[in-house]
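J.: Quick one: this structure, given as structure tokens, is what I'll be asking you about.
In UniProt numbering, the protein residues as written are 1 to 246.
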């Protein structure tokens, strides 16, 4: 494995981003990261542009509301910043209750992908737990969704939320196949209590098996919450990944 496979979702370090974006990205680079996944890049566009250049960080991906937001503006901003993949982080749970609902949600994301192609931006989707809780003839809602997506739309599998939702992240990777281009790698007990999340390698997640199942996917460290110092948790997580991901 090479360092180019590793990234960090900057939502994890959101307090630092809002108070000292430049200093936060400098610390991220000093940890050994070469790539980042941007958070609120439209709001902090100019600050990100400067800090990314100063710290030689690549914005491989970013999150933005696309289905229910201003997708055209987000795509344009992503293209300006050189973001390769723009990811819808959340489609609300009530749109995952029936197969028709799920296919309609996929159609909405397909529409975004069509306008993004002209800007050279790839579109993706990031799951939480509600996309895998319901069974559709032996398949999760996420699988139904993926089957209805245009071929060039990718998936960012949040491995932790998949497990919390009752699915096996390893099995999902196998079923979803080459669409899985990014992994959100996080750890902790299988609970929705965010503050109980832990640095990667210190919780219940089968991290090594997950990484082996998706050897080419970008590994993105993320903590939705943490009771301790998040910078320290991110550093510990990267060190663990570098040790186990071989």
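Built from N, CA and C at the ideal position, the CB exists for glycine as well.
#1: Between residue 83 and residue 121, is the Cβ-Cβ spacing less than 8 Å?
#2: What first and last residue would you give for the alpha helix (DSSP H) that runs through residue 277?
#3: Look up residue 79 in the DSSP assignment and say whether it is helix, strand or coil.
#4: Helix or strand or just coil, what does DSSP make of residue 255?
#5: Return yes when the Cβ of residue 233 is within less than 8 Å of the Cβ of residue 173, no when it is not.
#6: State yes or no: is the C-beta of residue 5 within less than 8 Å of the C-beta of residue 29?
#7: Taking all protein chains shown into account, do 16 or more other C-beta atoms lie within 10 angstroms of the C-beta of residue 187, making it buried, or fewer, making it exposed?
#8: Quick check: the Cα distance between residue 1 and residue 199, rounded to an integer number of angstroms?
#9: Have a look at 36, 124, 201, 118 and flag the residue whose alpha-carbon is nearest the alpha-carbon of residue 179.
#10: With residue 81 and residue 74 assumed to form a contact (beta carbons below 8 Å), what rounded beta-carbon distance in angstroms separates them?
#11: Based on DSSP bridge pairs, tell me the residues matched to residue 35.
#12: Roughly how many angstroms lie between the CA atoms of residue 218 and residue 184, to the nearest whole one?
#13: Are there 16 or more other CB atoms within 10 angstroms of the CB of residue 106, so buried, or fewer, so exposed?
T.: Reading from the atomic positions:
#1: Here the question's residue 83 lines up with position 83 in the chain shown. Here the question's residue 121 lines up with position 121 in the chain shown. In contact: residue 83 and residue 121 (Cβ atoms closer than 8 Å).
#2: In the structure displayed, the chain extends from 1 to 246; residue 277 sits before or after that span and is not available.
#3: Sequence index remark: in the chain shown, residue 79 carries index 79 (1-based). Reduced to three states, the DSSP call for residue 79 is helix.
#4: Examination of residue 255 is not possible in this model, given that the chain is present from 1 through 246 alone.
#5: Residue numbering aside, residue 173 sits at position 173 when the chain shown is read from its first letter. Residue numbering aside, residue 233 sits at position 233 when the chain shown is read from its first letter. It is not a contact, given that the beta carbons lie outside the stated cut-off.
#6: Here the question's residue 5 lines up with position 5 in the chain shown. Here the question's residue 29 lines up with position 29 in the chain shown. Their beta carbons are not under 8 Å apart, which means residue 5 does not touch residue 29 by this criterion.
#7: Looking up residue 187 in the chain shown gives position 187. Burial call: buried.
#8: Mapped onto the chain shown, residue 1 falls at position 1. Mapped onto the chain shown, residue 199 falls at position 199. Low per-residue confidence applies at residue 1: pLDDT is 43, beneath 50, and the placement is therefore not dependable enough to give any value.
#9: As a working mapping, residue 179 is identified with position 179 in the chain shown. Selected option, being the one with the closest Cα: 124.
#10: To locate residue 81, count along the chain shown from 1; it is residue 81. To locate residue 74, count along the chain shown from 1; it is residue 74. Not quite, the Cβ-Cβ distance comes to about 11 Å (not below 8 Å), so this is no contact.
#11: Position 35 of the chain shown holds residue 35. Paired residue(s): 58.
#12: In the chain shown, counting from the first residue as 1, residue 218 sits at position 218. In the chain shown, counting from the first residue as 1, residue 184 sits at position 184. Going by the C-alpha atoms only, they are around 9 Å apart.
#13: By one-based count along the chain shown, residue 106 stands at place 106. It counts as buried.
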